[in-house]
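Engineer: Residue numbers (the numbering used here), protein chains in the order written: chain E, 1 to 437; chain F, 1001 to 1437. Where is the CB? At the ideal position from N, CA and C, for every residue including glycine. Bear in mind the structure is a predicted one, so any value in this text is a computation, not a measurement. The structure that follows is given in the form of structure tokens.
Protein chains: 2
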Amino acid sequence: MPISGFPEWLPPQRIIEQQVLDKIRSTFELYGYSSLETRAVEPLDTLLSKGETSKEVYLLRRLQEDDPSAKQDDQLGLHFDLTVPFARFVTENNGKLQFPFKRYQIQKVWRGERPQEGRYREFLQADIDVVNRDTLPFHFDTEMPLVIGDVFKSLPIPDATILVNNRKVCEGFYRGLGLEDTAQVLRTVDKLDKIGPEKVAAALVETAGATDAQAAACLALAEISSTDGSFADRVRALGVSDPLLDEGLGELLQVVETAAEHAPGLVRAELKIARGLDYYTGTVYETMLQGYERFGSITSGGRYDNLASVGNTRFPGVGISIGVSRLLGLLFGHDALAVSRSVPTCVVIALAAEDKRAESERIASALRRRGIATEVAPTAAKFGKQIQYADRRGIPFVWFPGEPDTVKDIRSGEQVEADAATWQPPAVDLHPNVSAR
Amino acid sequence: MPISGFPEWLPPQRIIEQQVLDKIRSTFELYGYSSLETRAVEPLDTLLSKGETSKEVYLLRRLQEDDPSAKQDDQLGLHFDLTVPFARFVTENNGKLQFPFKRYQIQKVWRGERPQEGRYREFLQADIDVVNRDTLPFHFDTEMPLVIGDVFKSLPIPDATILVNNRKVCEGFYRGLGLEDTAQVLRTVDKLDKIGPEKVAAALVETAGATDAQAAACLALAEISSTDGSFADRVRALGVSDPLLDEGLGELLQVVETAAEHAPGLVRAELKIARGLDYYTGTVYETMLQGYERFGSITSGGRYDNLASVGNTRFPGVGISIGVSRLLGLLFGHDALAVSRSVPTCVVIALAAEDKRAESERIASALRRRGIATEVAPTAAKFGKQIQYADRRGIPFVWFPGEPDTVKDIRSGEQVEADAATWQPPAVDLHPNVSAR
């Protein structure tokens, strides 16, 4: 029976997922990201080293616990994201990697949470990250939205807006205001969409030692948003000055302006977003899908300067993650995507009698050798039944062996002479077609 | 640190793995198999329903066990193969699937075993199966070796021989001999390669109630092997007769003869193989890789008529599984595969100064739009350093912006004028090339 939080797609949905993954992968590779897969498990101390996540972890235990070799496994848990395993992989293999190291990783992750709409316990993520030894040039922060923008442009989905902020802007602004516990201010402002400005203001006064004026300034900052560089003027108009604030504004401007040149409207500076996880140190990203904003962000990411280190050597990084299961779950739930057939098959070879199977198989082999996905009819039923076999799966062509062979487009009914050595279906029919519904 | 039994590949190995998986997938699809992914976990009773595997299962447990919702998770385990989850998926969704249902499934599986050479605790399998409602035509048994043969032919690996047997041959033969506990005889003969003929004969006498003559006949059957139909004559020459034996010989002949027509030498009837798992009822498959026979089989599969049912409706199936991690682990361990570069990147755009980055990015975008994987140099270092950046990764081309632009093949040193709107690398350089070493 289905298990809550562990989604499974039916064959037509899986074809859509595969084509989405193919587009994601090819876009990542066009930017030079190398594929990586890490094991599903990490030692518990690795998983817990980044804090805030202890409640989400699934640990493994062996069914036969009396086995002495089982002890080690007791300290293994399933990874809950791909960033922590990647940081572990980089430090473990740093002598064998070329830096800067650009990698993508498309894998399932697991979180032992109570499932809710659009939240899963097993789900697929597609991540890109760049890490370097010692320092990482800032321009990689500007590349992330371009890659994600190209991915989304390649998919038959609604337009997406990438929201960007920079923790240095917030932290510098709070500090410039005179607030010391900037992490607490950030965590509180991060609740803006959930609890509203009044409760945030009250909480800032209560838990972060803010005056009413300071709390109001924090909220004024969080309200700022623009798809061009104008956000920076609006921040400066608030009259707060701090060197970290200036650095953050400069970085955020670079991200917004690079994206505006690449794809106008793709990126919006949105000064209220913070991302919950502790390890981000600069740029942070989210993505809203037009018409699906109420379901929240479908990407998350940012710059992390302190996630990985070996001795005195740091490996700063920046990355972004597409929530593939989340995205597809939303679109499937709203019946927003269609696929032209439920199987890869393009042609069914009809079978006049069971003792003619070898002949039909030879035709199928000839078509397959030229890249045309082909099945032979499963039984020598009446031709009407064999056509129905194709029709029910959305397979466009049925081939009739004979002298000469003929092939029928069962959508139009058109039937023409054909030679298995040369016949080619229209390019559009070679593979299933995914489209917006 | 590495965890024993949980392999991870470095980027060049991962490129090889991806290309191998691409070939596997496209071959599966050419035969009309649809992709499916099932969740990583199954209820424990589903996992244990097929017997013999209880010691291999990893169960999940939530880190915070006091959470009341954690109870259900305690009964979830990671799947140890893809056949049991597939059978569960088919019965669960049988009303939504088209039968016969041909599916492939490429996923990780986990076994909580003590690791040993070539055995992993997390590994990747690539399975195809066909299931039907009520009965499944036998010709699908003959298709499995053709698909696997086409997969292996498409890969830069040594020749493979698919070994085939049929449990009906063994069971019918043992029964015709007068032995009643045919399952026990099968299990004993299955140990032939491990313990040798004398110990098998002794065990047959001891545990299966065989006389010396019966034990000798069982061993004589197990010795028979041929790449053509001659095995059937040799079996008949042993003078045992039984209707099930005849049925099995007829089926095995079909598999061997169909394969001999498709690819001579690909399949060998090998009457000693049995496959350990209980659920096979007819054809069974293994595959030996030339030069790697001592490491055992790299595929496993067979016909299972009784694995899945809903009420009175049975869903018989036949399938075969490629042990991808096992295959690649062996070939990597023997340094048998090479790849031309460690990144997808085909071209690096050189950067004369950091303030020229936007110009280099525009060239990169133009190349990417035409499917050419391109990176811009990470820093405006001396050109020698930028060429080194490409060289260390095996990237073949470095592009120099200018008037006009030029592109240099850093292997030959040849440098020519080029226009980002039209330049095309040789097809062989577009993607990394995997080859036998």
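Closest to Glu113(E) by C-alpha separation, out of Gly301(E), Val147(E), Leu82(E) and Glu56(E), would be which residue?
Structural biologist: Glu56(E)
Engineer: Could you give the distance in angstroms between the alpha-carbon of Gln388(E) and the alpha-carbon of Tyr292(E)?
Structural biologist: 38 Å
Engineer: Closer than 7 Å by C-beta to Ala1263(F): which residues in its own chain qualify, once you throw out the five before and the five after it? Chain order, please.
Structural biologist: Gly1149
Engineer: Relative to chain E, which residues along the stretch 1392 to 1408 of chain F have a C-beta separation below 9 Å, given in chain order?
Structural biologist: Answer in chain order: Arg1392, Arg1393 and Ile1395.
Engineer: Please classify Gly1329(F) as buried or exposed, where buried requires at least 16 other C-beta atoms within 10 Å of its C-beta.
Structural biologist: buried
Engineer: Applying a beta-carbon distance threshold of less than 9 Å, which residues of chain E neighbour Gln1098(F)?
Structural biologist: Pro11, Ser342, Val343, Tyr389, Arg392 and Arg393
Engineer: Hey, Pro997(F) and Ser1340(F) are a contact pair by Cβ (cut 8 Å); roughly how many whole angstroms apart?
Structural biologist: In the structure as shown, chain F begins at 1001 and stops at 1437. Residue 997(F) is therefore absent and cannot be evaluated.
Engineer: Work out the CA separation of Phe1295(F) and Ala70(E) for me, nearest whole Å.
Structural biologist: The pLDDT assigned to Ala70(E) is 48, lower than 50, so where the model puts this residue is not dependable; a value taken from the coordinates is nonetheless given after this. Going from the Cα of Ala70(E) to the Cα of Phe1295(F) covers about 26 Å.
Engineer: Is there a Cβ from chain E that is less than 7 Å from the Cβ of Ser1034(F)?
Structural biologist: yes
Engineer: Please go through the same chain and pick out, in chain order, the residues whose beta-carbon is closer than 7 Å to the beta-carbon of Val1109(F), but skip the five residues on each side of it.
Structural biologist: His1079, Phe1080, Asp1081, Leu1082, Phe1123 and Gln1125
Engineer: Between the stretch 1229 to 1236 of chain F and the stretch 1205 to 1218 of chain F, are three or more C-beta pairs nearer than 8 Å?
Structural biologist: no
Engineer: Is the CB of Thr1182(F) under 7 Å away from at least one CB in chain E?
Structural biologist: no
Engineer: So with Cβ pairs under 7 Å, would you call Arg303(E) a contact of chain F?
Structural biologist: Not one chain F Cβ lies under 7 Å of Arg303(E).
Engineer: Taking the alpha carbon of Val1376(F) as the point to measure from, which residue in Leu1252(F), Gly1394(F) and Glu1354(F) has its own alpha carbon closest?
Structural biologist: Glu1354(F)
Engineer: According to DSSP, is Tyr33(E) helix, strand or coil?
Structural biologist: coil
Engineer: I'd like to know if Leu1063(F) contacts chain E, where contact means its C-beta is closer than 7 Å to some C-beta of that chain.
Structural biologist: yes
Engineer: Tell me which same chain residues have a C-beta within less than 8 Å of the C-beta of Ala418(E), skipping the five on either side of it?
Structural biologist: Counting only Cβ-Cβ distances below 8 Å, and skipping sequence neighbours, we find Trp399, Pro404, Asp405, Thr406 and Val407.
Engineer: Quick check: what's the CA-CA separation for Val1041(F) versus Ser1035(F)?
Structural biologist: 18 Å
Engineer: Give me the Cα-Cα distance between Arg1039(F) and Ser342(E), rounded to the nearest whole angstrom.
Structural biologist: 20 Å
Engineer: For Gln424(E), does the three-state DSSP call read helix, strand or coil?
Structural biologist: coil
Engineer: At the level of alpha carbons, what is the spacing between Ala496(E) and Asp22(E)?
Structural biologist: With chain E covering only 1 through 437, there is no way to say anything about residue 496(E).
Engineer: If distances are taken between C-alpha atoms only, which option among Thr1422(F), Pro1344(F), Ala1216(F) and Pro1156(F) comes closest to Ile1015(F)?
Structural biologist: Pro1344(F)
Engineer: Going along the stretch 1121 to 1148 of chain F in order, which residues come within less than 7 Å of chain E, judged by CB to CB distance?
Structural biologist: Glu1122, Pro1137 and His1139
Engineer: Between Leu1060(F) and chain E, is any beta-carbon pair separated by less than 7 Å?
Structural biologist: yes
Engineer: Residues of chain F with CB under 8 Å from Arg357(E), in chain order?
Structural biologist: His1139
Engineer: With DSSP run on the structure shown, which of helix, strand or coil describes Ala70(E)?
Structural biologist: Reliability of the predicted coordinates at Ala70(E) is poor, the pLDDT of 48 falling under 50, and no value is obtained from them.
Engineer: Chain F beta carbons: is any one of them nearer than 7 Å to that of Ala220(E)?
Structural biologist: no
Engineer: Which residues mark the beginning and the end of the beta strand (DSSP E) in which Thr1406(F) is found?
Structural biologist: Thr1406 to Asp1409
Engineer: Please state whether DSSP places Pro1043(F) in a helix, a strand or coil.
Structural biologist: strand
Engineer: Using 8 Å as the cut-off, can you tell me whether the stretch 1278 to 1289 of chain F makes contact with the stretch 1160 to 1169 of chain F, which would need three or more C-beta pairs spanning the two stretches below that distance?
Structural biologist: yes
Engineer: Considering only residues of the stretch 114 to 170 of chain E, which uninterrupted beta strand (DSSP E) runs meet the minimum length of 3 residues and lie entirely inside it, listed in chain order?
Structural biologist: 122 to 131 and 160 to 166
Engineer: Can you tell me which of Pro1137(F), Phe1089(F) and Lys1096(F) puts its alpha carbon nearest to the alpha carbon of Pro378(E)?
Structural biologist: With distances taken between Cα atoms, Pro378(E) lies closest to Pro1137(F).
Engineer: Flag Glu113(E) as yes if its beta-carbon sits less than 7 Å from any beta-carbon of chain F, otherwise no.
Structural biologist: no
Engineer: Listing by chain order, which chain E residues have their CB less than 9 Å from the CB of Val1267(F)?
Structural biologist: Within chain E, no residue comes near Val1267(F); the closest Cβ sits about 15 Å away, beyond 9 Å.
Engineer: Would you decide whether Arg1088(F) is buried or exposed? Buried here means 16 or more other CB atoms lie within 10 Å of its CB.
Structural biologist: Under this definition Arg1088(F) is a buried residue.
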